[in-house]
Structure formats: structure tokens, C-alpha cells
Amino acid sequence: KNWTRKLGEDGKPILNNDGNPVLEQQFSVETGTVLKIDVKNKKLRDEAGKELVDVSAAFTPQKMEFMKAGSSYAIVFGKKLQTFAAQTLGIEPTPVFAPNKEITVEGQGLTAVEKIFNRNAVGVTPGKVLHAGSDVRVKVNIVGSQDTTGLMTAQELEAMAATVISPLVDGAYQSGCHTASVWDKKAQANIPKLMSFMNNFGLITARDPKGVYHSMTDVIHKVLNDITVDDWAIIIGGDSHTRMSKGVAFGADSGTVALALATGEATMPIPQSVKVTFKGAMKPYMDFRDVVHATQAQMLKQHGDNVFQGRVIEVHIGTLLADQAFTFTDWTAEMKAKASICISQDETLIESLEIAKSRIQIMIDKGMDNAAGTLKGLIAKADARIAEIRSGEKPALAPDDNAKYFAEVVVDLDQIDEPMIADPDVNNADVSKRYTHDTIRPVSYYGGNKKVDLGFVGSCMVHKGDMKIVAQMLRNIEKSEGKVEFKAPLVVAAPTYNIIDELKEEGDWEILQKYSGFEFDDSHPKNAARIEYENILYLERPGCNLCMGNQEKAEKGDTVLATSTRLFQGRVVEDSAEKKGESLLASTPVVVLSAILGRTPSAEEYKAAVEGIDLTKFAPPKAALGARSVHY
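If you're matching positions, the sequence shown starts at 80 in the numbering used here and goes up one per residue.
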């Protein structure tokens with residue numbers, strides 16, 4: 080809201096080279112700027128006291144209550160204690176706290192997120208149906224803590240004297256993925272301590288404080304997607320990419336994660352929803368990642384402004400398994416959405432749950448379950464959910480036909496004719512257009528001659544199919560050229576160890592090893608960040624790697640082509656004195672081919688390179704998904 084259209088002397092918006100209005104900031108939020116919050120008058124002011132913006136909408140009764148109490152903890156635990164006492168005594172609790180904001184629209188159906196919130200709502204008026212805008216407490220099913228914000232979450236838990244995870248939580252996981260790249264002195268000092276605390280608290284932990292099972296640096300979002308075994312679940316995670324393709328997931332701060340772990344609850348408003356459906360058919364040479372990027376471009380073309388921002392994207396993508404669908408739900412963070420919900424078909428959801436069960440069983444077999452049998456309990460919940468779907472008692476989650484959406488977007492697959500690249504557009508004369516995820520360009524825009532200094536295949540955006548694409552492309556090039564040579568470094572980091580194990584069984588890891596100049600070794604992990612790269616294939620340890628940019632980055636000033644999520648300034652690559660670093664985002668086959676060529680491919684080169692490759696495909700449901708799910 081701080082960015083507004085710049086007007087000329089004639090009062091009309093000034094347009095940039097692309098024909099879009101130039102935006103300018105109303106007030107600065109640059110580092111070092113002093114801003115004052117006028118609590119009494121609910122205004123944001125500059126250092127001199129000048130009013131910048133009215134912030135009264137942020138001062139909800141619930142937030143005011145937190146402020147009066149000195150923190151949210153006193154209120155949250157006060158409500159828990161009062162609710163418990165009232166239930167124990169069999170009486171109605173006395174209304175002493177700020178009431179929930181409950182909005183009901185007579186005769187209006189429910190979106191998917193409204194159904195989930197209605198089922199999980201706590202302390203609301205019995206029998207009242209809640210719609211978007213309601214602000215309520217909800218039960219949380221799955222909680223994720225990652226290893227950079229996890230240290231703060233542990234401090235929050237200690238501050239509230241919490242010693243054990245709430246029995247309301249179905250499952251919780253502490254990851255080791257954000258510190259997987261480099262096992263340096265900082266990680267060695269902090270991570271074992273974090274894992275020990277969280278393991279004792281009741282979470283399943285990536286590293287075993289007792290040293291029984293192999294340390295797992297699997298990407299947190301992949302693990303959370305696997306341990307989410309109910310499409311009606313609410314998931315809270317300490318990372319913006321907490322965006323599961325089952326249930327509805329919200330990225331949160333360390334304090335909210337701590338409260339979710341300690342109480343099994345969270346407080347938040349029910350967001351508005353935007354419905355996304357698809358028509359047409361994917362071209363045989365396109366990858367699903369291109370559909371994800373094209374959704375952003377087509378939405379902006381249809382609506383002008385970003386209608387996804389701050390809302391839930393309800394994506395009707397029912398024919399894709401949870402692994403592949405996560406590529407879409409994960410990207411909704413880059414679409415600036417609050418969250419995403421995947422509307423799945425019954426049989427597809429059952430298959431996704433069966434896959435989740437098998438992966439949870441692998442975790443159990445490795446010795447990762449705890450004394451409470453959390454992982455065994457998740458398998459039992461998955462079995463119960465599958466039985467509900469098969470019997471017709473409770474089909475896969477679907478919105479009501481008369482649900483109300485803020486907007487609807489229909490993605491035309493027929494329009495997607497070549498790979499789509501998200502470009503940070505670092506030299507755009509309009510500063511507001513730099514480093515956003517809204518500039519989506521076809522590969523032909525670059526004319527087959529944009530130099531690529533490094534390719535990266537990894538992060539939570541990829542799945543097993545992407546790793547197999549890398550292997551298939553190497554085989555094809557070896558067959559036609561006799562060998563594979565890289566004109567730019569290619570860094571590959573599988574999201575999970577399970578994927579590597581499966582690639583080994585299926586013969587794909589062998590070709591990756593053959594052409595790698597570096598392969599991770601868990602017995603001797605790197606203890607220093609790589610600062611220079613050769614034109615070889617790097618097989619890195621499972622984890623976030625370059626996408627996070629907190630341990631390793633590309634060389635300064637590089638042009639990076641990556642499958643990851645972020646293209647912000649300095650994240651994956653920093654600027655050099657001579658050139659701005661830039662991280663362009665694309666599908667796995669585009670990244671691999673670019674690293675081999677040392678440049679972006681032409682559309683023709685791309686089509687030839689992926690011939691016969693098993694790309695990630697998607698076909699819209701033949702019939703619209705009916706509103707067969709129960710309310711809550």
C-alpha cells in the first residue's frame with residue numbers, strides 16, 4: 080500500500096517501458112529510517128512526528144488485549160486455563176476476554192479454507208458458521224520448526240516455561256535443512272543443542288541427540304508435506320514456504336510456532352480466497368513449473384493488480400499427487416498469497432496419503448519415532464482418513480458451489496508454448512519492478528544468448544521427478560555427444576535422503592555420480608562455504624543449499640538460473656563492483672540445459688533437448704470438482 084502510481088504534470092500516471100504505471104514509495108522504509116507508532120491515535124509517524132499512514136485497522140480488540148496484558152502469552156494461556164476450568168466444571172466460561180470476531184453471511188456457502196477453520200475453531204459460538212473476516216482461535220494439527228528460526232522458538236518456549244508439546248498437536252518436526260550446506264563452527268555449536276531441546280520437548284528431530292539414526296537434513300517443507308495426513312489439517316511452520324498441498328498451512332514467526340507447539344492452537348483471521356482453475360492442455364514439451372509461472376503472468380493480465388496478495392489461493396489441481404502439486408502451493412509464497420489449498424480428487428488424495436504413509440514408515444524404520452509414537456499415530460490417522468474417503472463418509476475437501484471468492488483466475492494451458500522464467504529484472508528503470516516475482520518472461524525473450532554463470536537444481540520446489548529429469552538429460556546428451564561437458568557450474572541438491580535412496584535403486588544416481596566433480600560426504604561434511612565454482616556438476620547434501628543463501632552463495636555478480644524460490648537482491652547471489660548479481664527462476668530442464676550451454680537456450684534448442692524426457696505433467700480434471708465434502 081506504500082507504493083502508489085507516480086503522476087505527471089497532467090495528473091495522469093507515468094508509464095515505464097513496458098507500458099505499466101511507474102510506482103513510487105509514499106515514505107521510506109530503508110534501513111536506518113526511524114518510524115514511530117502513535118498508539119493513542121493509531122497513526123504511523125516519521126521521526127519528526129509527521130503522520131505517514133493511519134494504522135487503526137491493525138489495532139483489533141485482540142491485539143489491544145495483548146498490548147494491555149504486556150504480551151500475548153498471558154492472554155493465550157489465560158484463555159486455555161479458563162476453557163479447561165469451565166469444561167471441567169461443566170459451565171460456560173465467563174466472557175472476560177475480547178470476543179472472537181465472528182462473521183456469518185446468511186445463505187453463502189463456504190470456501191475450502193472457511194470449511195477448515197470452521198472445523199478447527201475453538202471457543203466460538205456453537206452452531207455459528209464462520210466466513211472470511213472472522214478472527215478466531217483454531218486447533219493446529221501439524222507444526223514445523225526450522226533450524227535458523229528454531230533457536231528463537233526454543234527461547235520462546237523456555238520463556239513461557241513450556242516443557243512438553245501439547246497433546247492436541249498430531250505431529251511436529253524440527254528440521255536441519257537450513258544449515259545443511261556447511262557444518263561450520265556456528266552450526267556445530269547451535270544445532271545439536273537445538274535438536275536436543277526439541278527432541279526432549281516432543282518433536283521428531285532431523286538429528287538424533289542420542290546418535291541412533293543418521294542425521295537427516297531433508298528440506299522441512301517436504302517432510303511436513305509427508306507428515307500432513309489430513310486434507311482438513313491446519314499447519315503452522317517457522318518459514319514462509321510452509322505451504323503444504325494437503326490441508327492449509329501458514330508460515331509464522333518463532334513466537335507463533337512456540338505457542339502452537341505449547342498450546343496446539345493459533346489465533347488468526349479467516350482469509351479471503353481466490354479460486355484458480357485450469358483449461359486446455361499442456362504441450363508435450365512443457366514442464367509443470369512453467370504452468371506455475373504462467374499462472375502468475377495470466378493472473379496479472381486478467382486482473383491488472385495482484386489479487387493473490389494476502390489471500391488464500393484455492394487451486395483446483397485435483398489430478399496431481401501431493402509431491403507434484405506442492406510445486407504450485409509452494410510458489411504461492413512468491414505470489415504473495417497468505418496460503419494455498421489444493422483441491423484434490425478422491426483417488427488422487429488416497430494415493431498421496433499412501434505415499435505419505437510409506438515415507439513416514441521409512442522414518443520409523445530409521446528409528447526417528449519418539450516414545451509417544453507420534454509417527455505411528457500419523458499412519459493411523461492416514462488410514463482413518465483413507466477409510467473415510469473410500470466409504471464416502473467424508474470425501475476429499477471441496478468448497479461449496481455457492482462459496483464467495485474475492486476473485487477467480489482461469490489459467491489457459493493452451494497459451495503456454497515455451498518455458499517461462501521469473502526474472503528479477505535488476506536493471507528496470509522503475510525501481511518498484513525490480514526483484515519481484517511478477518516479471519515472467521518466455522525463454523525466447525533472451526534470444527538464446529543470455530550468459531548463465533551458474534545453474535542450481537534444488538530447494539523445496541523440486542521433487543523426485545526433477546532429479547530423474549537431470550539424469551535423463553545427462554543420458555541423452557551422452558548418447559548424442561559421447562560425453563557431457565558443462566560450460567557453467569551445475570549445483571544439484573536433492574530435497575530429501577529418501578529421494579536419493581530411490582534414485583540409487585532405480586539407477587539414476589549412478590549417472591549423476593559419473594558426471595559429478597563433487598559429491599557430498601556425510602562422514603566428512605564441508606566446514607567452510609564454497610566461494611568459487613568450477614564448470615562441473617556438484618552433488619550437494621540434501622537441504623536448502625543456495626536457495627537459502629545463509630551459508631553458501633553463487634560468486635558475486637553471477638547470473639544464476641535456478642529452480643529455487645527466491646530472487647531477492649543478495650539472497651542467492653550478491654552484487655559485485657562491476658555487475659549486479661541476478662537469480663532467474665526456471666524449470667529443471669531449462670536450468671540443466673543452460674548450465675551445459677553456459678547460456679539460456681533458444682526455444683528450439685529446449686524442445687530438442689527435452690524430447691523423450693519424462694517431464695512433470697498436469698491435466699485438469701475432466702469434470703469440475705463437485706461440492707461433495709461435508710461442511711466441517
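Beta carbons: idealized from backbone N, C-alpha and C, even for Gly.
Remember, it's a predicted structure, so these values are computed and weren't measured experimentally.
Across the structure, ASP493 and PHE163 are spaced so that their CA atoms are roughly 56 Å apart.
Nearest C-alpha to LEU209 among GLU181, ARG216 and VAL639: GLU181.
The residue among THR638, MET277, GLY90 and VAL101 with its C-alpha nearest the C-alpha of ASP509 is VAL101. Secondary structure note for GLU393: its beta strand (DSSP E) is the uninterrupted segment 391-395. Close CB contacts of THR228 within its chain, under the 6 Å cut and outside five residues either way in sequence, are with GLY317 and SER333 (chain order). Looking at the DSSP output, GLN141 sits in no beta bridge, so it has no partner there.
At a Cβ-Cβ threshold of 8 Å, ASN304 and PHE405 count as neighbours.
Excluding sequence positions up to five before and after MET277, its CB lies within less than 6 Å of the CB of GLN253 and THR284, all in the same chain and listed in chain order. Taking a cut-off of 8 Å for Cβ pairs, the segment 349-363 and the segment 665-683 do not touch, as fewer than three such pairs fall below it. Between the alpha carbons of GLU598 and ILE299 lies a distance of about 22 Å. At a Cβ-Cβ threshold of 8 Å, ALA501 and HIS372 count as neighbours. Under the three-state reduction of DSSP output, THR112 falls in the coil class, being neither helix nor strand. Scanning its chain for C-beta atoms nearer than 6 Å, with the 5 sequence neighbours on each side dropped, one finds around GLN225 the residues SER254, HIS257, ILE299, GLY317 and ASP318, in chain order.
Under the three-state reduction of DSSP, GLU237 is assigned to helix.
Per DSSP, the beta-bridge partners of GLN104 are TRP82. Residues of the same chain with a CB within less than 6 Å of the CB of LEU694, apart from the 5 flanking positions on each side, are ASP366 in chain order.
Each residue's CA atom was taken as its position, placing GLU433 and ILE170 some 42 Å apart. Residue ranges of uninterrupted beta strand (DSSP E) with 3 or more members, entirely inside the segment 517-578 and ordered along the chain, are 519-521, 533-536 and 569-572. Residue burial annotation: MET143 is exposed, with fewer than 16 other C-beta atoms found within 10 angstroms of its C-beta. Residue pairing by DSSP places LEU640 opposite GLY534 and LEU663 in a beta bridge. Taken through DSSP and simplified to helix, strand or coil, LEU189 comes out as coil.
The DSSP-derived three-state label of TYR685 is helix. Shown here, TYR617 sits in a strand according to DSSP, grouped into three states. Per the Cβ contact rule, the segment 538-558 is in contact with the segment 681-694 (3 or more Cβ pairs under 8 Å). Here GLU487 is bridged, per DSSP, to LYS354. Fully enclosed alpha helix (DSSP H) runs of no fewer than 4 residues occupy 333-342 and 367-382 of the segment 329-384, in order along the chain. Beta-bridge analysis with DSSP links ARG678 to LYS530.
Annotation for ALA268: the continuous alpha helix (DSSP H) segment containing it runs 264-280. Counting along the chain, no beta strand (DSSP E) covers PHE156; the unbroken alpha helix (DSSP H) around it starts and ends at 151-168. If you look at LEU123, you'll find it in the beta strand (DSSP E) that goes 122-125. When ALA136, ARG286, PRO621 and ASN220 are compared, the shortest CA-CA separation from LYS272 is found for ARG286. Here the segment 536-546 does not lie against the segment 557-568, with fewer than 3 beta-carbon pairs under 8 Å apart. Of the residues assessed, GLY98 falls on the exposed side of the cut-off, its CB having fewer than 16 other CB atoms within 10 angstroms. Taking a 10 Å sphere around the C-beta of ILE314, we find 16 or more other C-beta atoms and assign the residue as buried. Its Cα nearest to that of LYS566, the residue VAL531 stands out among PHE407, GLY596 and VAL531.
Cβ-Cβ separation between PRO574 and PRO621: approximately 6 Å, consistent with a contact (criterion under 8 Å).
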